[in-house]
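Worksheet: one structure, shown below.
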Amino acid sequence: MTYLEQISDQLISLPQLTHLAGNRYRLDAAVRKGAYRRVMRGYYMRSRDWEQLGQKGRYLALVLALAADNPEIIFCQQTALLLHGLPVEELPQKVQVYLPYRSRMQELETHHGSLHLPTETTVFLPGVRLTSLERTLEDLALAAAERDLGLVSF
Numbered sequence: 003m004t005y006l007e008q009i010s011d012q013l014i015s016l017p018q019l020t021h022l023a024g025n026r027y028r029l030d031a032a033v034r035k036g037a038y039r040r041v042m043r044g045y046y047m048r049s050r051d052w053e054q055l056g057q058k059g060r061y062l063a064l065v066l067a068l069a070a071d072n073p074e075i076i077f078c079q080q081t082a083l084l085l086h087g088l089p090v091e092e093l094p095q096k097v098q099v100y101l102p103y104r105s106r107m108q109e110l111e112t113h114h115g116s117l118h119l120p121t122e123t124t125v126f127l128p129g130v131r132l133t134s135l136e137r138t139l140e141d142l143a144l145a146a147a148e149r150d151l152g153l154v155s156f
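Residue numbers for the sequence shown follow the working numbering, so the first one is 3 and each next one is one higher.
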């Protein structure tokens, strides 16, 4: 079992957790008592599992919850680099994604592009769609060049 699969198995959707707790009131009480940790709206993890994850694991838990909730998301740049299993100097502040539309989700840094349809520049991991390693490296190089030149991308 891979690290991503292990984290994915620990995520619990709100309907699953409500079923486990018996009803919404018991669920709310369990969350207040600290038995479960909210990863994002609609997704939870047992607090003991959450505590065992490091900063990278918690970031990946958020990524996996986002992927489960939004199948149209294509993860890119440093987020994709992490999903490919490569190291990053620092975890990004937000999850970096390509979306064909604007999103108000605070967790996301949205990039707009032509990747909203399956192409040769995307790959699939179980439950996760991301830019290919080649496209990821190209995007990171372009972003670094824009920063070095003082260009702002929108």
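Glycine included, every Cβ here is placed at the ideal spot set by N, Cα and C. The structure displayed is predicted, hence computed values, not measured ones.
Own chain partners of residue i with C-beta closer than 6 Å, once the 5 adjacent residues on each side are dropped
| i | result |
| --- | --- |
| Arg137 | Thr123 |
Residue i - DSSP class collapsed to helix/strand/coil
| i | result |
| --- | --- |
| Ser105 | coil |
| Gln98 | strand |
| Ile75 | coil |
| Leu88 | coil |
| Leu93 | coil |
DSSP beta-bridge partners of residue i
| i | result |
| --- | --- |
| Val130 | Leu127 |
Buried/exposed call for residue i, threshold 16 Cβ in 10 Å
| i | result |
| --- | --- |
| Phe77 | buried |
| Tyr100 | buried |
| Tyr103 | exposed |
| Tyr5 | exposed |
Residue range of the alpha helix (DSSP H) that includes residue i
| i | result |
| --- | --- |
| Leu29 | 26-34 |
| Leu110 | Taken as a continuous stretch (DSSP letters only), Leu110 belongs to no alpha helix (DSSP H), being part of the beta strand (DSSP E) at 110-113. |
| Leu68 | 57-71 |
| Glu53 | 49-54 |
Continuous beta strand (DSSP E) stretch holding residue i: start and end
| i | result |
| --- | --- |
| Arg43 | Unbroken run through Arg43: none, as it is neither H nor E. |
| Leu83 | Note, Leu83: premise wrong, no beta strand (DSSP E); alpha helix (DSSP H) at 79-85. |
Heavy atom of the ligand HEM within 7 Å of residue i beta-carbon
| i | result |
| --- | --- |
| Ala146 | Among the ligands in the structure shown, none appear at all, so the ligand HEM cannot be discussed. |
Own chain, CB closer than 7 Å to residue i, minus 5 neighbours either side, in chain order
| i | result |
| --- | --- |
| Val90 | Gln80, Leu83, Leu84 |
| Arg149 | none |
| Leu93 | Gln57, Lys58, Tyr61 |
| Lys96 | Glu109, Leu110, Glu111 |
Same chain, Cβ closer than 8 Å to residue i, neighbours up to 5 away in sequence not counted
| i | result |
| --- | --- |
| His86 | Leu132, Leu135, Thr138 |
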